[in-house]
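Since the structure comes first, as structure tokens, the remarks are kept for the end.
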Amino acid sequence: MKLVALIAVFMTGALLIYGVEDMPRWGDPNSPASSHVSPKYIQEAIEKTATPNMVSAVLADYRGYDTLGETSVIYTAAIACILMLRKKRKGEGE
Amino acid sequence: MDVIYSSRPLWAVLVSMIAAFLILATGEKNRNIRESWTIMAALAKFLIVLSMVPVILQGKVIEYTIVTFYPGLLLQFRIDAFGMLFGVIASSLWILTSFYSIGYVRGLNEHAQTRYFFAFAMCLSSTIGIAFSANLLTFLVFYEILTIATYPLVIHSESKEGIMAGRKYLAYTLTAGCVLLFAIAAIYYMTGTLDFKAGGFIAGSGSSAVLIMLFAMLIMGFGVKAGLMPMHEWLPSAMVAPTPVSALLHAVAVVKAGVFGCLRVILYVFGPGLLHDLGIWLIMAYIASFTIIVAGFLALGQDHLKRRLAFSTINNLAMIILGAALLTKSSMTGGIIHMANHAFMKITLFFCAGALHVKVHKDYVSQLDGIGRQMPLTMGAFAIAAIGLSGIPPMSGFISKWFLCLGALEANQIIFLFVLMTSAMLDVAFFFPIIYNSFFKKPLDDVTPHFDEAPMFMVIPLVITALLSIVFGIVPDAFFRFFSLTSLAVQNIMGVG
Amino acid sequence: MLDYIISKYNFWIYVVLMMIGLYAMIGKKNLIKKLIGMNIFQSAMILFYVSIGVKAGATVPILSGHGHGHVHEVIEVAKYLNPLPHVLMLTAIVVSIATTGVALATLILIYRRYNTLEEDEILKIRKDTGV
Amino acid sequence: MAEQFAALIIVVPLISSLLVPVIGWGQKKLCYPWVVAVLVVPLICSLGILNTVLTTGKFSYRLGGWAPPWGIEYAIDHLNAFVLVIVSFISLMVAIHSKKSVEKELSEKTVPFYTLFLLLVTGLLGIVITGDAFNLFVFLEIASLSCYALIAIGEEGAPIAAFNYIIIGTIGACFYLLGVGYLYIATGSLNMADLANILPDLYHSKVILVAFAFFTVGIAIKGGLFPLHTWLPDAYCTAPSAVSSLIAPLMTKVAAYVMIRLMFTVFQPHFSVEIVPVFAILGWLSVFAIFWGGIKALAQTDIKRMLVYVLVAEVGYIVIGVSVANRVGLTGAILHIMNDAVMMTCLFLVVGAILYKTGTREIHQFRHLNKKMPFTMAAFTITALSMCGIPPACGFFSKWYLIQGTIEAGQWVWAAALLCSSLINAVLFFRVIECAYLKPMEPAYAHNAGETHGEILRDEAPFTMLVPIVIMAAGVIFLGIFSGKIISSVIQFAVPASF
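Residue numbers (the numbering used here), protein chains in the order written: chain H, 25 to 118; chain E, 743 to 1239; chain X, -7 to 123; chain W, 161 to 659.
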């Protein structure tokens, strides 16, 4: 089992590193990640959302829907814990 | 060719399906109402089918599309002469079998009668569906429904033996269904159509190796139900089913559906011309001949009456396939008409076996000494049908054998003439001792020496079928116009091929 | 070569971390260790994402001196980090916490039932009780 | 109107799930009618969406009004409109069915159960409707988390199964997220439509290859494709029956949907076919899945466990349809997503009803069930026949298209695997049918023709269980008969245009 795990881990790692080869240099300001979608966030955030913190602007506004999902995740986890751990208290009928 | 659009084929199929559910709803408590559904459906179905015969005889076809899945891929009924022939056989015999069934299950006080009649009606519904289907897909759909609908009948006794027979039956037929599904899918991929066409439609759509493989798969798929050797094993085992089931399904509907499928493949998918070019007709004919002879010998060895009849069925079905495989006009006529003739004679034989089972609880050939004195009508009918199957005039079996022999000569294959002769001899060998023993041997101790027949519900149908086999021998075109339908079908095929 | 390795060292680090986590998830017998492995795994992922957002010479994506009102001068894109990966990772962190919570809850259930969190011991107990 | 439908389909169950504890706090019994009533809304919405898509073509809904790729959008085309209908319909049916079994199995946990039930449905719907790769992950996690918890409260052994599922499921989800990250590095976008535009220029980049590999593995884990299915049997089998009848049909199907979405719309088919040999691998794995699932199922005496292994095989079916990568095969795969969802739901619902009534899942204890629960068993029989591929039930038609697909692709072994699997299914299900219908074979019974001997009283499942079961069984037949209609009006547009 350990051996299998080790092999699986090394294969995954090798694959990840294989992909790294074609990646842009770290911190390259002209990489696609920094040049395709994000410039507009940086430029327009203050104007469109009146929030100087761009992370907040994107979090709560551009991608606010993700954040709704995120809160739902927390809610789900809370209810999940209640479902699993809550025991009937004494005296509580049925 | 004139095409008439009518929903009558659909109703012919649906009527027994509706009846099946009415039977299920009525249930065990109101037996008489339940049985009246069966009989009403049988009559209605027969009348609907019969009403279409004149139209077909005028050379027209009746068409009805149920649902289209894809261009070229649809559920459709199209009745031509060949399908009509099968439809008439199945629906006319259903009436008689219905009456007979009622006598049989009540005589034996069988369990689960509702299930029995339900499954029976479903079987007939799908058999008619098979007869009327316009293309391979529709054929396959009803063929599979038939497989499943027959299963409750095979395991009817719910005994260990019955369940084993049911498993064997499913193993054979479902595997066949899978093979068919693949072959049909491949044909659709190659040609883009699945419609039956007199004289075949597949020619030129693939290399000969592929075509031969497809042919083998299709014949394997349909041959299982037709009891073509070496795929016949399930049929004798399935004889544990109640006798009317063996009678109608294992002599007429199910196995005939298999043969019908084989003939459709040979004559309407591949076509005589293509088969001749590919040279597989001779192989097919040899396989059929092999089945004829071996089944004949195996029948000789059976002491259980129904098993002996089962092997005789295998033998006769192979004869039908041989007729088609020889690809001459006469042989085809002989093969197709034998579908009808064999149906009437074999059902008589099974009816007799059932009557014996109900009345005196005898299942074995060796127990039948002198039984003819007690049940002269039953054994008389048995004798008529047995003589007919051996091909002795004036019974209807003679006609089909005559044409088959003629076909063998036309095809310049004398060897098949010998096969047919041997088979006739074998028929005589395994039927005549029964007739002789039952009439002329000293009765066994437990036989009542005076007239004491099975219930009238059972005797009347078997007498009728026996009489009909004589009538068809003398006037082949009587009542149902089997002969005209046959020659029309052959004309269609040869006209094109 | 060395230059190449150094230029992408963020990736090497996250790959190594991730593999440690992955190995713990698959290979460890103790359920808590598996859970810890899961956390390492997810943290590595977060590091990876955050490192995508880095731009050389840029600062945190918060406009300074524009607390209120409108901006009139042009904002230089190159001056600020890419905010999107950060946003994504805020969500991913929450998801990872939620998953950890649920996993811990199941561990409590397991512990209540078997009084152990060693996988092979649990298997043994289950075998002995014939389930 | 359709845009509102698109918004409501997620929001209504999400908000309603917040209200479940409130309602349950006052009166526990109200949870069930509330959930059923709420789940009608997604069904109506999804039908509305489907109708809109059919009449006016695909459309998108921008959340918060932000234009993609900056904001998140719902991109709705024929494929996800179709899957939405399946998901919402089946979740409604399972919800209706759940009343009695939840009362019996989880009596003191009704409130959180139904809350999570709604959240699970929300998650599944969200996965299907969204057009944003990261948003998909968020919904995937909502669905997974509720799944983990719902499984963990099952019978003995459920927490362990759930924990394994958490670990492996998290690996799956994280692999997906890694894939998203790699795509983001290379393209800078998270929007699926935008990705589909950018990607063709980058097909030879190693980053994209790796991203694709991680997507495939991640989704394969979530969908339980052999050999990554190891978590699936235990998890689905030990879950409470209401839960397994929801997740077993839907989770795998939604994963299959995501697979189709990623491989054929985010990536172009020619990438998935020509540049990466992924389909050869997936196809052969599916063949193994079919045989392995079938053989393991044969070894089971517990019907639920048997169904779970059948499910593993069925996943193989869909993936084969995807792997042949031609139009007709994909049609079969999409058709089978629907057919298999309906069939599996029906089977699991039947098992739930049997478990509720008789307390057993052991096949050999099913004697007389045809007398006790005639309608339930009739539904089971119909569905079982459909699983064996008997026409006109729907299983036959998906098999037909799948086999057409394999023939067109020239993959004879795959075709043979599909055919063998129907035979294996026949063995499996006829074994059950024999036990249920034929086993009353005490020696006395054989002679006494069942007149009065041992009268077996009818003891049919409660009405709330029977209704969905009968609807599903009828659906099996109707979907078969009208499969042509469904294909010509919906599925043929759902197959990506590039085929």
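Ideal placement from N, C-alpha and C gives every residue a C-beta, glycine not left out.
message: Quick check on W/E568: does DSSP put it in helix, strand or coil?
response: helix
Residues near W/A513 by beta carbon distance below 6 Å, same chain, minus five either side: T536, A621, M625
message: For W/V447 and W/I480, I'd like the C-alpha separation in whole angstroms.
response: 8 Å
message: Rounding to the nearest angstrom, what Cα-Cα distance links W/M466 and W/C595 in this structure?
response: 15 Å
query: Mind listing which residues of the segment 197 to 216 of chain W have their C-beta closer than 9 Å to chain X's C-betas, in chain order?
result: none
message: Can you tell me whether W/I250 is helix, strand or coil according to DSSP?
response: helix
query: Leaving out five residues before and five after W/L588 in sequence, what residues of the same chain have Cβ atoms less than 6 Å from its Cβ?
result: A457
- request: Go ahead and pull the three-state DSSP assignment for X/L9.
  value: helix
W/V271 classed as buried or exposed, judged by whether at least 16 other C-beta atoms fall within 10 angstroms: buried
- prompt: By a C-beta neighbour count over all protein chains shown, 10 Å radius and 16 as the cutoff for buried, is W/E611 buried or exposed?
  reply: Low per-residue confidence applies at W/E611: pLDDT is 41, beneath 50, and the placement is therefore not dependable enough to give any value.
- request: Determine the burial state of W/H607: buried for a count of at least 16 other Cβ atoms within 10 Å of its Cβ, exposed for fewer.
  value: Low per-residue confidence applies at W/H607: pLDDT is 45, beneath 50, and the placement is therefore not dependable, though the value from the model is reported in the following sentence. With fewer than 16 other Cβ atoms within 10 Å, it is exposed.
task: Taking only beta-carbon positions, decide if X/M(-7) is within less than 8 Å of chain W.
output: no
- prompt: Can you list, in chain order, the residues of its chain whose CB lies under 6 Å from that of E/W779, leaving out five sequence neighbours each side?
  reply: A761, L764, I765
8 Å Cβ cutoff, H/L30 in contact with chain W: no
- request: Out of W/L223, W/C397, W/V171, point me to the one whose CA is closest to W/D462's CA.
  value: W/C397
query: From the beta carbon of X/Y1, is the nearest beta carbon of chain W less than 8 Å away?
result: no
- prompt: So the beta strand (DSSP E) W/R527 belongs to, where does it begin and stop?
  reply: Run containing W/R527: none; DSSP gives neither H nor E here.
task: Please list the partners that W/K269 has in chain H, where partner means a Cβ-to-Cβ separation under 7 Å.
output: L107
query: Who pairs with X/I114 in a beta bridge, going by DSSP?
result: Its beta-bridge partners do not exist; DSSP assigns none.
query: Who are the near neighbours of E/R776 in its chain, counting only those whose CB is closer than 6 Å to its CB and skipping five residues on each side?
result: I765, T768
Between the CA atoms of W/V196 and W/S661 - distance to the nearest angstrom: Given a span of 161 to 659 for chain W in the structure shown, any question on residue 661 of chain W remains unanswerable.
- prompt: Would the C-beta of X/L73 count as close to the ligand GDP, meaning under 7 Å from any of its heavy atoms?
  reply: The model depicted lacks the ligand GDP and carries no ligand whatsoever.
Cutoff 8 Å: H/Y65 Cβ touching any chain X Cβ: yes
task: Can you pull the chain W residues whose beta carbon is under 8 Å from the beta carbon of E/L956, in chain order?
output: None at all; the shortest Cβ gap to chain W is about 11 Å.
query: Are the C-beta atoms of H/K26 and some chain X residue less than 8 Å apart?
result: yes
field: Environment of W/F427 [buried if 16+ CB atoms lie within 10 Å]
entry: buried
field: Where E/I1216 falls, given that 16 or more other Cβ within 10 Å makes a residue buried
entry: exposed
message: Which residues of the segment 69 to 86 of chain H have a Cβ closer than 7 Å to any Cβ of chain X? Give them in chain order.
response: I70, E71, P76, N77, M78, V79, V82, L83
- prompt: Count the other CB atoms within 10 Å of the CB of W/A604; is the residue buried (16 or more) or exposed (fewer)?
  reply: Because the pLDDT of W/A604 is 43, which lies under 50, any placement of that residue in the model is unreliable, and the number read from its coordinates should be weighed accordingly. Burial call: exposed.
- request: Could you tell me whether the segment 330 to 347 of chain W touches the segment 290 to 307 of chain W, using the rule of 3 or more Cβ pairs below 8 Å?
  value: yes
- prompt: Name the DSSP bridge partner or partners of E/I746?
  reply: E/I804
- prompt: Roughly how many angstroms lie between the CA atoms of W/F508 and E/M932, to the nearest whole one?
  reply: 39 Å
message: Between W/E301 and chain X, is any beta-carbon pair separated by less than 8 Å?
response: yes
- prompt: By the 10 Å Cβ neighbour count, where 16 or more other Cβ atoms means buried, how is X/Y(-4) classified, buried or exposed?
  reply: exposed
- prompt: Using 8 Å as the limit for Cβ to Cβ distance, is W/F526 near chain E?
  reply: no
task: For X/K47, collect the residues of the same chain with a Cβ closer than 7 Å to its Cβ; drop the 5 residues on either side in sequence, then sort them by chain order.
output: A70, L73, N74
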